[in-house]
Structure formats: C-alpha cells, structure tokens
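One point on numbering: in numbering that gives the first Met the number 0, the residue at position 222 of the sequence shown is 221, and numbering is uninterrupted. Quick reminder that beta carbons are idealized off the backbone N, C-alpha and C, glycines included. For reference, the structure discussed in these notes is given below.
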Amino acid sequence: MPFSKPTRIAPSLLAADFARLGEEVKNVVDAGADWIHFDVMDNHYVPNLTMGPMVCEALRPHTKAPIDVHLMVEPVDAIIPQFAEAGADIITFHPEATRHVDRTLSLIKEHGCLAGLVFNPATPLDWLNYVMDKVDVVLLMSVNPGFGGQKFIPGTLDKVRQARAKIDAWVAAGGHPIALEVDGGIKVDNIAAIRAAGADTFVAGSAIFGHPDYKAVIDAMRVEIIKGESISA
Ligand code: DX5
Ligand code: ZN
0 MPFSKPTRIA PSLLAADFAR LGEEVKNVVD AGADWIHFDV MDNHYVPNLT MGPMVCEALR
60 PHTKAPIDVH LMVEPVDAII PQFAEAGADI ITFHPEATRH VDRTLSLIKE HGCLAGLVFN
120 PATPLDWLNY VMDKVDVVLL MSVNPGFGGQ KFIPGTLDKV RQARAKIDAW VAAGGHPIAL
180 EVDGGIKVDN IAAIRAAGAD TFVAGSAIFG HPDYKAVIDA MRVEIIKGES ISA
C-alpha cells in the first residue's frame, strides 16, 4: 500500500497540566509535535467540560504549530467563528451534533480554517459520501469521546482501512488531499498497526503528557510509524 505523507503527531492537551498550558504547548512542540489537538467538551454532547475559545486565544501566541480543534459540542455552528477568531487552524465536529452537516463544513471553510468530520466508534463513514469536497480531515474516534486515558477499540483498524480506501479513491479521481486522523488510546505499542491500516495523523494525550520525557515518546512513536509502513495492512 502506498502510504500517504506527511505523518503527524498531535498531542492532546486534555492530558496536559491545565495549570501550565502555555508552557506545555511550547514544550510538546519543542519535543516534535506537529499539531496541537485541542479537545472541546460541553457537558452536553459528551459528559465532560473542558476548554473554550478563550483558552485557544490565550495559547495562540505560544506556538506556530497548527491548533486542531476537536469540537465535542452540540449545537456546533455558533462556536465556529469564535474558534476561528481565536486562532484555530483546523476545526472538526461530530456530524450527529449538527442539523446541517454541509452548512457547518462550509461555515468552517468560510472562516478560513480546514474542516473535518469526526466519527464515533459506531458512526458510519457514509456521512462523508456527499461532502468529500468540503472535508480536509477525517477524524476516527478509537474510543468513545469524553475522556482521555481510555483503551483503544481494536475494531477501529478496519474502519481506518475503509476510510483510507475512500480517501485514496477520492484523490485518485483528482480530489484534494484529506488527512486521516485517529484519536483515542494511541500508544507507542499500537501506533504501528494504526499506521499500517492507513492513518497519517495520530492524536495522543496520556501517552505523551503522562510521560516525563515528551520527546522520547514522540521519537519512539515516529520509529513505530515507520515500522508500520513495512507491515502489509
Ligand atoms: C477523547 C478525546 C481525545 C483524548 C485522547 O474524547 O477526543 O483526544 O484526549 O486521549 P488519550 O490519548 O489519552 O486516549
Ligand atoms: Zn480529541
């Protein structure tokens, strides 16, 4: 299988020290992070409450790395312009959380951000069928959303292969590149299999921020990602 490049590691701030977020962002980017994954939870769509646009705006001056905002909120549309103004680069949302998926994707793009759809473990990829032209990122949840530190759901690997096939077919037909991101329970010991299934962007919270040496974890993940490219999927 030809593997899509580049690959990216996106540490999830959910597992960072919330009392020192600016410093955490700087340290993890210095350690080799490509994107900063910013989990937004509203205690409504998911049973947890995290950070809003004000925190994104406060972090923006601390890094040039793209801020990858994962919205776990319902409704979705009102918060999109606020995150765009706060400096988000990528905004993804769960299609079940909005009444009008196409409109919400357009809204993100009108505000100058890359747009993405997020698929819960039980959400079918069919939501992509009529909106591929507006999607820059496909984000597959490998845990149920709401909490960090959960165990990777192995059935996600099949879904990664299916999403890879859809994206490859799209690109082969002349479509724009689409990132394939996986989120939840990613560790050094399973990232090779996730890469082998076709993912190119890897969110990791507890694996990175739960370790004293962020660079050691990110470096080890990159070694495993390359190993994954030699496994036949
Ligand atoms: C879960 C979040 C994830 C989470 C990942 O709802 O979307 O981004 O923080 O954390 P780990 O890597 O600890 O599973
Ligand atoms: Zn996330």
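Nearest-angstrom beta carbon gap, Met71 and Met50 [assumed within contact, 8 Å]: Numbered from its first residue, the sequence shown carries residue 50 at position 51. Numbered from its first residue, the sequence shown carries residue 71 at position 72. 11 Å between Cβ atoms; not a contact.
Could you tell me which of Glu109, Leu13 and Ile8 sits nearest to Gln149, measuring between CA atoms? As a first step, residue 149 is located in the sequence shown; it is residue number 150 there, counting from the start. That would be Leu13, whose Cα lies nearest to the Cα of Gln149.
Once you ignore the five residues that flank Ser11 on each side, which residues in its own chain have a CB closer than 7 Å to its CB? Here residue 11 refers to the residue found at position 12 when the sequence shown is read from its first residue. Contacts found: His36, Asp38, Gly147, Val202, Ala203 and Gly204.
Near the ligand ZN, which residues have their beta-carbon closer than 5 Å to a heavy atom? The answer, residue by residue, is Asp38, His69 and Asp182.
Closer than 7 Å to a non-hydrogen atom of the ligand DX5 - does that hold for the CB of Leu13? Position 14 of the sequence shown, counted from the start, is the residue given in the question as residue 13. Yes; taking the cut-off as 7 Å, the Cβ of Leu13 has a heavy atom of the ligand DX5 nearer than that.
Please name the residue in Leu104, Ala171, Tyr44 and Ile185 whose C-alpha comes closest to that of Ala114. What you label residue 114 is simply residue 115 of the sequence shown in a count that begins at 1. Checked all of Leu104, Ala171, Tyr44 and Ile185; the closest Cα to Ala114 is Leu104.
Report the start-end ranges of each beta strand (DSSP E) in the stretch 45–86 that is 3 residues or longer and not cut off at the edges. Counting whole runs of 3 or more residues, the stretch 45–86 contains the beta strand (DSSP E) stretches 66–71.
With DSSP run on the structure shown, which of helix, strand or coil describes Ala32? Sequence index remark: in the sequence shown, residue 32 carries index 33 (1-based). It is coil, neither helix nor strand.
By the DSSP assignment, the alpha helix (DSSP H) with Ala164 in it spans what residues? Along the sequence shown, one-based indexing puts residue 164 at 165. It spans Thr155 to Ala171 - the alpha helix (DSSP H) in which Ala164 sits, taken as one unbroken run.
Alpha carbon of Ala198 to alpha carbon of Trp169, nearest angstrom: Locating residue 198 in the sequence shown gives position 199, counting from the first residue. Locating residue 169 in the sequence shown gives position 170, counting from the first residue. Looking at the two C-alpha atoms, the distance is approximately 16 Å.
For Phe17, is the beta carbon positioned less than 7 Å from some heavy atom of the ligand DX5? As a position in the sequence shown, residue 17 is number 18, starting the count at 1. Phe17 Cβ: outside cutoff for every heavy atom of the ligand DX5.
Exposed or buried, which one is His175 when buried takes at least 16 other CB atoms within 10 Å? Along the sequence shown, read from residue 1 onward, the residue named residue 175 stands at position 176. Exposed is the call here.
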